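**Student:**
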Amino acid sequence: MHNLKEIRKDFIAFKKAIEKRSIDTNFELLQNLDKKNREFIQKKEILEKEKKDISKSKDKSLFSRSKEISAAIEKINIQQKKTKESLEQILSNIPNIPHKDVPNGKDESDNIEIKKSGQIPKFDFQPKSHFEIGEKLGMLDFDLASKTTGSRFVFVKDKLALLERALSNFMLDNHVSKNGYLEISPPLLASENTMFGTGQLPKFEDDQFEIKLDESNERKFLIPTAEVILTNIVKDKILNQNDLPMRFVASTPCFRKEAGSYGKDTKGMIRQHQFYKVEMVSIVDQSKCMEELERMTNCATEILDLLELPYRKMILCSGDMGFSAEKTYDIEVWLPSENKYREISSCSSCSTFQSVRMKARYKNQKKEILYAGTLNGSGLAVGRTLIAILENNQEKDGSIIIPKVLRPYMNNLQKISSN
RNA sequence: GGAGAGAUGGCUGAGCGGUUGAAAGCACCGGUCUUGAAAACCGGCAAAGGGGCAACUCUUUCCUGGGUUCGAAUCCCAGUCUCUCCGCCA
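Going by the numbering used here, 69 is the number at position 57 of the first sequence; the sequence numbering is gapless.
(1) Between which two residues does the alpha helix (DSSP H) containing S311 stretch?
(2) Are the Cβ atoms of N116 and S330 separated by less than 8 Å?
(3) When you compare only the Cα positions, how much space is there between K140 and G146?
(4) Going by DSSP, which residues form a beta bridge with T386?
(5) Apply the 10 Å Cβ neighbour rule to N423 and answer buried if 16 or more other Cβ atoms are within range, or exposed otherwise.
(6) Apart from the five residues on each side of it in sequence, which residues of its chain come closer than 8 Å, Cβ to Cβ, to L398?
(7) Out of T386, S367, L103, which has the shortest C-alpha to C-alpha gap to F260?
(8) Let's see if you can read the secondary structure: which residues bound the alpha helix (DSSP H) around R231?
(9) Can you list, in chain order, the residues of its chain with a C-beta nearer than 6 Å to that of D153? Leave out the 5 residues immediately preceding and following it.
(10) By the three-class DSSP mapping on this structure, what secondary structure does V394 have?
(11) Assign Y438 to one of three DSSP states: helix, strand, or coil.
(12) Could you round the C-beta distance between F208 and E222 to whole angstroms and report it? I think they count as a contact, below 8 Å.
(13) Can you have a look at L434 and say buried or exposed, based on whether 16 or more other CB atoms are within 10 angstroms of its CB?
(14) For A202, report the span of its beta strand (DSSP E) as first-last.
(15) Would you report the Cα separation of N278 and E270, rounded to the nearest angstrom?
(16) Using alpha carbons as the reference points, say which of E204, K215, D219 lies closest to L225.
(17) Excluding the 5 residues flanking G297 on each side, which residues of the same chain have their C-beta closer than 6 Å to its C-beta?
(18) Can K171 be considered in contact with the ligand ZN, in the sense that its beta carbon sits closer than 7 Å to one or more heavy atoms?
(19) Relative to the C-alpha of H187, which residue among R307, E62, Y353 is closest?
(20) Between C362 and N15, is the Cβ-Cβ spacing less than 8 Å?
(21) Going by alpha carbons, who is nearest to A238 out of Q406, K68, K416, S390?
(22) Any chance the segment 79-99 sits against the segment 305-320, with 3 or more Cβ pairs inside 8 Å?
(23) My guess is that T309 and Y341 are in contact by the Cβ rule of under 8 Å, so how many angstroms apart are they, rounded?
(24) Assuming E31 is part of the alpha helix (DSSP H), what are its boundary residues?
(25) State the DSSP-derived secondary structure class of M13, mapped to helix, strand or coil.
(26) Check the C-beta distance from M258 over to V246 and give it rounded, since I have them as a contact under 8 Å.
(27) In chain order, what residues of the same chain lie with their CB nearer than 6 Å to the CB of V368, ignoring the 5 residues before and after it?
(28) Assuming E344 and R354 are in contact, meaning their beta carbons sit under 8 Å apart, how far apart are those beta carbons, in whole angstroms?
(29) Of the residues P322, M326, Y374, M333, which one's Cα is nearest the Cα of I295?
(30) My assumption, with CB atoms under 8 Å, is that K127 sits in contact with R324. Please give the rounded CB distance.
(31) Check for me: the beta strand (DSSP E) holding N252 runs from which residue to which?
(32) Please state if the CB of R268 and the CB of D219 are separated by a distance shorter than 8 Å.
(33) Using only alpha-carbon positions, find the residue among P265, M302, C359 that is nearest to V394.
(34) Please state the DSSP three-state secondary structure of T161.
(35) Taking the alpha carbon of D136 as the reference point, which residue from G275, Y288, Q406, I356 has its own alpha carbon closest?
(36) Determine which residues share a DSSP beta bridge with S358 and list them.
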């Protein structure tokens, strides 16, 4: 969320920056509501002052006047609250402003490739898709999942389940021991306010699974990514500057409705309602977002380097970025069956956009209170990494060569085959 | 599920109808002392919002939302969360 105080300073510039993201916002209404809101506040404060003075004086003859004032304040209060609500409603639906490095563009097709890495494998046979391979091995079972649960779920079995677990552990170990992330095993449910903090609510409610925990009015949601719960660790906090940076990593299931993607990636486990993801989150000094983004992205690509998977790094254009992001790198892994790169990680700096929503701040040397910078990135999407290994490491006989770095996590197994 | 206790500043923790935005301690910042550091001593130190170019000033806030009162951190009601004991359970 944007800081209203900052917007006010240069409303035109703000308007221009937001228009880059080609979304509909009623800027004039926003500006008017802000003005109205402040007028109400001023009126209210004059009356409150008078009331306070009467109370201090303890002068009985003024007590009836005080009662009148209370009624008047109450009236203004109602109007002011209403105004403020409309104001916040508009404000909370405005996305972050793209960083100056971000290329202008409409959609995916305007993203720019920054770097390519690794060898695209050559096969002397027709490479199969991950779901063909997995089903043939008897270790991916989509039919069973649709029977027990429904579409967009899968049973991962036997050596592939082990591979999935090995991937999580390998990634976690790497981020913890080499990159200084603190491992967290968080709740998988988040409150409404937590979801608001990172920007999933109110705008993207359709993509979230809501859970009825009990009869209370508090709404709970399954996390669509650990970003939500990890970033909110600093919600409502005033940290010391030397507590920063804070770096968290977790491997969690993620839950998404994938509303609006009907018919897209229906085959296989590319797009599921539930999937494992190792997520990195950094809370940093607000001036250090860009360097942290580079660092984090390197943490993600390092995993692919170690797994010897071919990938490319993209910078997302203004039109393709997520709601809370100011700058995003997508890492895309090569999938032979599709003959193209597919997203396996997304690393974003959210500048102070999320911390304003969460009220996550820190005190600097000059004792100024500043909003923290927040970043998040997948390191990596475990399900999609599994897919990439299946497809890139497949042999003609349908077996899978296990990447060397994972073998210690798999009882030194070299290869997965059906027998 | 049953019975209690509690929620106060960055943290710990007093206050329980009227200059209380709130004692004290810790942390933090500045200073004295010291070759330097530590210790000791002195001083400073809540946030949000409004007005003002600024110095500054005003309002709000003691979990949240209502209520009582001229006046609420303090009294009443509802909710949320936390803790303790009993029961149940992975």
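Ideal Cβ positions, reconstructed from N, Cα and C, are used throughout, including at glycine. Remember, it's a predicted structure, so these values are computed and weren't measured experimentally.
**Tutor:** On the basis of the supplied data:
(1) Along the first sequence, one-based indexing puts residue 311 at 299. Going by the sequence as given, residue 311 is Cys instead of Ser. Taken as a continuous stretch (DSSP letters only), the alpha helix (DSSP H) holding C311 covers 301-319.
(2) Counting from one through the first sequence, the residue named residue 116 turns up at place 104. Counting from one through the first sequence, the residue named residue 330 turns up at place 318. The answer is yes: Cβ separation under 8 Å.
(3) Stepping through the first sequence from its first residue, residue 140 is reached at position 128. Stepping through the first sequence from its first residue, residue 146 is reached at position 134. Their Cα atoms are separated by approximately 10 Å.
(4) Along the first sequence, read from residue 1 onward, the residue named residue 386 stands at position 374. According to DSSP, which records beta bridges pairwise, T386 is partnered with I295.
(5) The count along the first sequence starts at 1 and reaches residue 423 at position 411. Counting Cβ neighbours within 10 Å, N423 comes out exposed, since fewer than 16 surround it.
(6) As a first step, residue 398 must be located in the first sequence, where it is residue number 386. Around L398: H142, V168, L172, L175, E176, L179, M281.
(7) Taking the first sequence and counting its residues from 1, one reaches residue 260 at position 248. It is T386 whose Cα lies nearest to the Cα of F260.
(8) Walking along the first sequence from the start, residue 231 turns up at place 219. Here R231 belongs to no alpha helix (DSSP H), and DSSP marks it neither H nor E.
(9) To locate residue 153, count along the first sequence from 1; it is residue 141. For D153, where only same-chain residues beyond five positions count, the Cβ hits under 6 Å are F167.
(10) Along the first sequence, read from residue 1 onward, the residue named residue 394 stands at position 382. Reduced to three states, the DSSP call for V394 is helix.
(11) Residue 438 lies beyond the residue range present for the chain, which begins at 13 and ends at 431; the question has no answer from this structure.
(12) For the purposes of this step, residue 208 is taken as the residue at position 196 of the first sequence. For the purposes of this step, residue 222 is taken as the residue at position 210 of the first sequence. No, F208 and E222 are not in contact; Cβ-Cβ is about 14 Å, not under 8 Å.
(13) Because the chain in this structure spans residues 13 to 431, residue 434 falls outside the shown range and cannot be described.
(14) Translated into the one-based positions of the first sequence, residue 202 becomes position 190. Unbroken beta strand (DSSP E) run through A202: 201-203.
(15) The sequence position of residue 278 within the first sequence is 266, counting from 1. The sequence position of residue 270 within the first sequence is 258, counting from 1. According to the sequence displayed, residue 278 carries Thr and not Asn. Their backbone Cα atoms lie some 11 Å apart in a straight line.
(16) As a working note, residue 225 is residue 213 in the first sequence. Selected option, being the one with the closest Cα: E204.
(17) Counting from one through the first sequence, the residue named residue 297 turns up at place 285. The question names Gly, but residue 297 in the sequence shown is Asp. Cβ neighbours of D297 beyond the five flanking positions: L256.
(18) Within the structure as shown, the ligand ZN is missing, as the structure has no ligands at all.
(19) If you number the first sequence from 1, residue 187 lands on position 175. H187 has its Cα closest to that of R307, out of R307, E62, Y353.
(20) Start at 1 with the first residue of the first sequence, and residue 362 comes out as number 350. Start at 1 with the first residue of the first sequence, and residue 15 comes out as number 3. Against a cut-off of 8 Å, the Cβ pair of N15 and C362 comes out as no contact.
(21) Reading the first sequence from its first residue, position 226 is the one you call residue 238. Comparing Cα-Cα distances from A238 to each of Q406, K68, K416, S390, the minimum goes to S390.
(22) no
(23) For this step, residue 309 is matched to residue 297 along the first sequence. For this step, residue 341 is matched to residue 329 along the first sequence. So it is a contact: roughly 5 Å between Cβ atoms.
(24) As a first step, residue 31 must be located in the first sequence, where it is residue number 19. Segment 23-31, the alpha helix (DSSP H) holding E31.
(25) Counting from 1 along the first sequence, the entry for residue 13 is found at position 1. Looking at M13 - three-state DSSP - the assignment turns out to be coil, as it is neither helix nor strand.
(26) If you number the first sequence from 1, residue 258 lands on position 246. If you number the first sequence from 1, residue 246 lands on position 234. Yes, they are in contact, since the Cβ atoms of M258 and V246 sit about 7 Å apart, within 8 Å.
(27) For the purposes of this step, residue 368 is taken as residue 356 along the first sequence, with counting starting at 1. Closer than 6 Å at the Cβ level, and outside the excluded window around V368, lie M13, N15, Y383.
(28) Working through the first sequence from its first residue, we reach residue 344 at position 332. Working through the first sequence from its first residue, we reach residue 354 at position 342. That belief holds up - the Cβ atoms of E344 and R354 are roughly 6 Å apart, short of 8 Å.
(29) Looking up residue 295 in the first sequence gives position 283. Among P322, M326, Y374, M333, the Cα nearest to that of I295 is on Y374.
(30) Along the first sequence, read from residue 1 onward, the residue named residue 127 stands at position 115. Along the first sequence, read from residue 1 onward, the residue named residue 324 stands at position 312. Indeed they touch by this definition, with Cβ atoms about 7 Å apart.
(31) Stepping through the first sequence from its first residue, residue 252 is reached at position 240. Unbroken beta strand (DSSP E) run through N252: 250-252.
(32) For the purposes of this step, residue 219 is taken as the residue at position 207 of the first sequence. For the purposes of this step, residue 268 is taken as the residue at position 256 of the first sequence. Contact: yes.
(33) For the purposes of this step, residue 394 is taken as the residue at position 382 of the first sequence. Nearest option by C-alpha distance: P265.
(34) Looking up residue 161 in the first sequence gives position 149. DSSP places T161 in coil when its eight states are reduced to three.
(35) Within the first sequence, residue 136 is the residue found at index 124, counting from 1. D136 has its Cα closest to that of Q406, out of G275, Y288, Q406, I356.
(36) On the first sequence, residue 358 is found 346 positions in, with the first residue counted as 1. S358 is bridged to D342.
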